[in-house]
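Working notes, beginning with the structure itself.
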Amino acid sequence: MNAITQGKRLRAKSLTLLGFTLILLFLLDIGLGSVRIPVSDVIKTLLGQQIDNSGWQGIILKIRLPRAVTAILAGAALSLGGLQMQTLFRNPLAGPSVLGITAGASLGVAAVMLAAGTVTTTFSIRELGVDGSWLIIIASTLGAALVLMLILGISFKIRDNVVMLIVGLMVANITIAVVSIWQFFSDPEQIQEYILWTFGSLGGVTNEQLGALAIIVLTGVILTFFLSKTLNALLLGEDYAQSMGLNVKWARVGIIATTSILAGAVTGFCGPIGFVGIAVPHLSRSFLNTSDHRTLVPTCALVGGILMLVCDIISQVPGSQTVLPINAITALIGSPIVIWIIVKRKNLKASF
Amino acid sequence: MKKTEKRNAHRWAVYTLLCFLMAGFSACQSNSKNQSDFPDFDPQKDYFPEKVSIDHSIGFDVEYHNNYKTLHLFRHYNEVADTVSFLLVQKGTPAPEGIDLPVIAVPIEKAVSLSTTHLAMFELLNALGELKGIERRQYVSSPKVVSMVDSGEVIEVEPAGTLNVETIIEMDVDVVLGVGYPNSQNESFQQLQRLNIPVVLNADWQEVDLLGRAEWVKLLAVLLNKEKLVNEKFSTIEAEFQSVLDLIAEKVIDAPLTITGIAQGDAWQVSGGKSFAYNVLKVAKADYPWKDDNSTGSIKLSFEAVYEVGLNADFWIAPGSASSLQNIRERDPRYMDFKSYKNRGIYNVFGRNTEGGGNDYYETGVIEPHIVLKDVVKIFHPELLPDHQLVYYNQLK
């Protein structure tokens, strides 16, 4: 009894600490950037007051604020996706991209960026009144959805999770192969555009798109919360979960669908951002020394947001005029942290 | 002991055979250099009375000798600037002895061009008859060249994006005019060189100004022995260009602020302060936030760094592939905050692009630097050229 209350207190304490860190980094991310803006003006703008320099106001409200919010949403979504995949497959190497969702999104984007070079397709797509950034988002969502349907269809037929994992990896490989054939027959400019997309970008999400991204990610987060108990049961093994009265098949469908929504949306809006989905669940488990998903789900969301904010601050190289690709920073900064924590805590094995 | 003898005998046979082979080769070589093969050759005669001088281009130079010219191509785009040279020897005369350089017999009669930037040059020098192969019809703007491809006079040598070496060998051309980028198509180019098809790498894109890029027409003229014609044509271009420059120097007082490029992902690529693209704007007197930068290519900046100056810039030139205001808006609604967006001050180089992705700016525009300059002047200082209509540039609507 005592242990449980103690655990609850620890949980509340660490969640508060993480929430506080998240807010701090969020403000820091808005305050720092290529253009040096005085702190007082940043605060005034955030409080809704007018400042003399309308350019700075635009930079804060239209560039930095949406980017920082996107960073939190993307970090949380990818981390929760990774957590679910690791638990479902009971495999520490699984991540949100493991089922080919990201590859599917890439296929959709490749279809637009590489094939659109042939004039007819571009014009026919423009006829529909969709263009620019929304076109990329819709294409990648459709690509992700296509692969998701395929995976879900297969998951109804297959009982074994390990087989499911291998099938997912294979579907991802097939999708990547199609993209690479497409690349081979494309012009250098088109390939360059596609490669730039694969670097990932948090700054491309504008205020109007942010609303759509937020709704999708929050839906996914809420669904994950509801799945917490299911995930806990699955951790004990499928047979045990079944004996507890869990419908394993439907649980699996629910988990795959939720992960796909989370990963698909983020990939659509920000490009394929790697690493976060694999690393954050490990960080969270080590940090709290628990594998209870009722604790892990909120922790993962917070840690994911924190990690993405840190990476975004670094990728903006405050004080300089240049930027670094976010996708490289996540792995470059994140990997040493994960190695350090896992080696230090040595409690990874207990989680699986 | 016996074994060694046997081996020695064997060796001896091999050496003898080698000697014979070598003797045969050297015999062939000395034959080809025999002066009696060229009965009409007069070593004292200047075979090229008309000469060109290269005044603007940094990428190549020509030296004249009695019956041959030496062409030097300077590759500034490699880490170490190195030089590639060719001997252009007058047909019917012997190549000079003792110079170990690839030889091209001039005037050339069959050429393959791998860049649309050469096509207008062929047309300017009345040499479309010598053009036998192009990269891809899709990118060509010139109706003449397109119809030549359709009639089979000109062959596409890169129909699928990679150079078809076998087609070129079969065509038996005198020279391939390639494009010199760092590591571009090196494999296929080397293959062609090994088969004695000289590949002259044109690198007009590394030039620093409009006239430098246009002057590459002289390279083609040197290959065609059309020095007289090119001197006439190019001096007209030079004079026209100078008259626009004079007009600018005389009339322009204030320089409007302009930005370039467009954001891709999180980064915004703008033209560097020493780049060709900025030079075009600079000669037409435009103010530029990155004019003190030292890069000859483009520089990557963060979105907000460009956004800050973009808000108040009068003009926005060459926003990537965007060709309409709707394009700009859909890429990112934040562009709508820009002064240039509100005042319709956004221009791109799609005045004459084709549906297939070709653009005459990179074709005829190369040999019409005075028109390009007039376009830019018309954008920044419309009062200077009231009657000029934009040709290569277009206002985004």
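Residue numbers (this note's numbering), protein chains in the order written: chain A, 1 to 352; chain B, 1001 to 1397. No residue lacks a Cβ here, since even glycine has one placed at the ideal position from N, Cα and C.
- Ranking E1240/B, N1066/B, S1141/B by CA distance to the CA of N1359/B puts S1141/B first.
- A contact between stretches requires three or more CB pairs, one per stretch, nearer than 8 Å, and the region 1281 to 1292 of chain B meets this requirement with the region 1255 to 1273 of chain B.
- The beta carbon of S40/A does not come within 8 Å of any beta carbon belonging to chain B, so the residue lies off that interface.
- With a threshold of 16 other beta carbon atoms within 10 Å, G1297/B falls short and is exposed.
- Judged by their CB atoms, F1303/B and I63/A are nearer to each other than the 8 Å cut-off.
- Across the region 211 to 232 of chain A, no CB contact with chain B closer than 8 Å is found for any residue.
- Contact note: Y1307/B reaches chain A through V35, G55, G58, I59, K62, I63, using a C-beta cutoff of 9 Å and chain order.
- In this structure, DSSP gives N1353/B an extended state, which the three-state scheme calls strand.
- The beta carbon of G203/A sits closer than 8 Å to some beta carbon of chain B.
- Contact of F199/A with chain B is assigned, a C-beta pair being separated by under 8 Å.
- Sequence-ordered contacts of the region 311 to 338 of chain A with chain B read S315, Q316, V317, S320, Q321, T322, V323, L324, P325, I326 [C-beta pairs closer than 9 Å].
- Residue-level contact check: E238/A does not touch chain B, since none of the beta carbons of chain B fall below 8 Å from its beta carbon.
- A105/A has its alpha-carbon roughly 18 Å from the corresponding atom of I326/A.
- Identification of residues in the region 1257 to 1286 of chain B having a C-beta nearer than 7 Å to some C-beta of chain A yields Q1264, G1265, D1266, A1267, given in sequence order.
- Using a 10 angstroms sphere on the CB of A1127/B, the tally of other CB atoms reaches 16 or more, which defines it as buried.
- The C-alpha of I72/A lies about 22 Å from the C-alpha of I138/A.
- For W134/A, the residues of chain B that pass the 9 Å Cβ criterion are E1330, in the order they occur in the chain.
- Residues of chain B with a Cβ closer than 9 Å to the Cβ of T206/A are, in chain order, D1332, P1333, R1334.
- The three-state secondary structure of K229/A, taken from DSSP, is helix.
- Per DSSP, the unbroken beta strand (DSSP E) holding G1133/B starts and ends at 1131 to 1134.
- With fewer than 16 other beta carbons inside 10 angstroms of its own, K1342/B counts as exposed.
- Residues are counted here when their Cβ sits less than 7 Å from a Cβ of chain A; for the region 1290 to 1316 of chain B these are K1300, L1301, S1302, F1303, E1304, A1305, Y1307, E1308, L1311, given in chain order.
- At a beta-carbon threshold of 7 Å, the residues of chain B lying near L196/A are Q1264, G1265, ordered along the chain.
- DSSP places F1241/B inside the alpha helix (DSSP H), whose first and last residues are 1227 to 1251.
- Of the residues Q1193/B, D1387/B, A1313/B, the one whose Cα lies closest to the Cα of V1084/B is Q1193/B.
- For Q1090/B, the uninterrupted beta strand (DSSP E) segment begins and ends at 1082 to 1090.
- Inclusion of G1059/B and A1203/B in the CB contact set at 8 Å is warranted, their separation being smaller than that value.
- The secondary-structure analysis by DSSP pairs L1073/B across a beta bridge with F1060/B, V1084/B.
- Within 7 Å of the CB of D1337/B, the CB atoms of chain A belong to G58, in sequence order along the chain.
- Under DSSP, S1271/B shares a beta bridge with S1298/B.
- In this structure N247/A is exposed. Its beta-carbon is surrounded by fewer than 16 other beta-carbon atoms within 10 angstroms.
- One alpha carbon belongs to I216/A, the other to A265/A, and they sit about 7 Å apart.
- In the three-state reduction of the DSSP assignment, D1037/B falls in the helix class, which pools H, G and I.
- Along the region 1102 to 1128 of chain B, the alpha helix (DSSP H) occurs as fully enclosed runs of 4 or more residues at 1116 to 1124, listed in sequence order.
- Taking L1073/B as reference, the option from M1148/B, V1199/B, D1042/B, R1137/B with the minimal CA-CA separation is V1199/B.
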